[in-house]
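Quick notes on the structure that follows.
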Amino acid sequence: MENKKLSVVVTGASGLLGRQVYEEFKIKGHKGTAHNRVSGDLVKLNLVSRIEVERFFNFQVDVLIHCAAERRPDEVHKNPENSKLLNEKVPGVLAKICKEKGIFFIYISTDYVFDGKSPPYEANSVPNPINEYGVSKLNGEKAVVDSGIIDYVILRVPILYGRIEFLSESSVDSLLKAVLLARDRFKEPSTFKKFGADVFQVRYPTNVADVSRVVCEISEKRIQNQKEFRGIAQFSAKGKMTKYDMCKLFAQCLNVNGDDLFFPESPAPGQNAVDRPENVQLSTKVLEGWGIEISYIDFNSWWSKNIQNNTYILKSSDN
1 MENKKLSVVV TGASGLLGRQ VYEEFKIKGH KGTAHNRVSG DLVKLNLVSR
51 IEVERFFNFQ VDVLIHCAAE RRPDEVHKNP ENSKLLNEKV PGVLAKICKE
101 KGIFFIYIST DYVFDGKSPP YEANSVPNPI NEYGVSKLNG EKAVVDSGII
151 DYVILRVPIL YGRIEFLSES SVDSLLKAVL LARDRFKEPS TFKKFGADVF
201 QVRYPTNVAD VSRVVCEISE KRIQNQKEFR GIAQFSAKGK MTKYDMCKLF
251 AQCLNVNGDD LFFPESPAPG QNAVDRPENV QLSTKVLEGW GIEISYIDFN
301 SWWSKNIQNN TYILKSSDN
């Protein structure tokens, strides 16, 4: 007997992760409705309007994946009120609607709910965010739980990368942009200045293709196989890198000497407007217990291939 095809709604589908999640479900033959902005087959929806959101759910939906968020810590710091609406209020509103309509809800959260002092972190480790972004996402998690919904998964993920629409779409390719700019400016020695690349914060960059596969597998096993998935889970690649490590890789892929373009830097406390946790490595034990595949794409190999072939930026024909 053929498995049921799922009816899926993805928020934030014009973003780095949401775009890939939407494509993953389509590739698997499921029916997807994506919204964020008007573009192609995306539907525009004001997520901070409960009335508009409730009107949207006038058809049968099996799964709602909530990817939309203000994920830039510096932007959350500069505009806390706007960020609270999207990161704290909206998850609770969506969870309540899913509870009322019997929809399985997946909320994408972050490793920044932890302080980075005692890695690795289990799904049940005590959160202690050190910046406004982490606080807002943790409050979003609490809003989901407080909604009373039973059929839900909160999936925490680390810094993400993948095929982008433009440079600086993610924190990872922002570093590639910095290396590219430095390479070009190096040709003008009189005005060139090296930039500092952080060696303090350890990250575990994870490809959105892997996160999307995990989200789809959770959804399929929950709906098609009636698996009892509930609560907080975490997914992450295992390779650890600092920003300096990433810049070194990008320079190598571009066949330039990184030492000419940037230098290792460890910011002093309070030097940056927003503090970042040192090491928020996520344990994937919950997913392993659920029987979810936790393999991941190698960061170095992916970037080496895609920089060489110039395929890290999506072309219009890819959309």
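In this text, residue positions in the sequence shown follow UniProt numbering: the first is 1, and each later residue adds one.
Note that the Cβ used here is the ideal one computed from N, Cα and C, for glycine as well.
Would you decide whether residue i is buried or exposed? Buried here means 16 or more other CB atoms lie within 10 Å of its CB.
i	result
residue 220	buried
residue 310	exposed
residue 218	buried
residue 166	exposed
residue 40	Interpretation of residue 40 is limited by its pLDDT of 49, a score under 50 that renders its predicted location unreliable; no figure is taken from the coordinates.
residue 117	exposed
residue 148	exposed
residue 291	exposed
residue 55	exposed
residue 38	Residue placement at residue 38 is poorly supported in this model, since its pLDDT is 39, which falls under 50; the coordinates still yield a value, given next. Label assigned to residue 38: exposed.
residue 17	buried
residue 355	With the chain covering only 1 through 319, there is no way to say anything about residue 355.
residue 59	exposed
residue 81	exposed
residue 248	buried
residue 169	buried
residue 243	buried
residue 49	exposed
List the residues that DSSP assigns as beta-bridge partners of residue i.
i	result
residue 301	In the DSSP output, where bridge partners are listed per residue, residue 301 has none listed.
residue 312	According to DSSP, residue 312 bridges with nothing at all.
residue 161	207
residue 282	121
residue 264	197
residue 107	66 and 154
residue 15	In DSSP, residue 15 forms no bridge with anything.
residue 172	Answer is none; residue 172 lacks a bridge partner.
Is residue i near the ligand COA, with its Cβ less than 7 Å from a heavy atom?
i	result
residue 174	The ligand COA is not among the ligands present in this structure, which contains no ligands whatsoever.
Assuming residue i contacts residue j under a Cβ cut-off of 8 Å, what Cβ separation, rounded to an integer in Å, is found between them?
i	j	result
residue 132	residue 196	No, residue 132 and residue 196 are not in contact; Cβ-Cβ is about 24 Å, not under 8 Å.
residue 72	residue 113	Not a contact, Cβ separation roughly 16 Å.
residue 278	residue 200	6 Å
residue 215	residue 21	6 Å
residue 211	residue 176	So it is not a contact: roughly 20 Å between Cβ atoms.
residue 146	residue 92	7 Å
residue 57	residue 223	Contact flag wrong, Cβ pair sits at about 17 Å.
residue 213	residue 24	6 Å
residue 9	residue 119	Their Cβ separation, rounded to whole angstroms, is 34 Å, which puts residue 9 and residue 119 out of contact at 8 Å.
residue 296	residue 207	7 Å
residue 261	residue 194	6 Å
* **Contained alpha helix (DSSP H) runs [length at least 4] in the region 176-250, N- to C-terminal order** => 208-223
* To do: Jot down the residue ranges of each uninterrupted alpha helix (DSSP H) in the region 115-155, minimum 4 residues, whole runs only, in chain order.
  => 132-146
* Take every Cβ of the region 104-113, pair it with every Cβ of the region 64-78, and state whether three or more of those distances are shorter than 8 Å. => yes
* Segment contact flag, the region 138-156 with the region 178-194, C-beta cutoff 8 Å, min 3 pairs -> Under the 8 Å Cβ criterion, the region 138-156 does not count as touching the region 178-194, having fewer than three qualifying pairs.
* Asked: Hey, is the region 220-237 in contact with the region 122-136, meaning 3+ C-beta pairs nearer than 8 Å?
  -> A contact exists between the region 220-237 and the region 122-136.
* Complete alpha helix (DSSP H) runs within the region 52-100 (minimum length 4 residues, chain order) -> 73-78 and 80-84
* Counting pairs of beta carbons, one from the region 82-100 and one from the region 249-262, are three or more of them closer than 8 Å? -> no
* Inter-stretch contact at 8 Å, needing at least 3 Cβ pairs: the region 79-91 / the region 20-30 -> no
* Counting pairs of Cβ atoms below 8 Å between the region 291-306 and the region 139-154, do you hit three or more? -> Too few Cβ pairs lie closer than 8 Å, so no.
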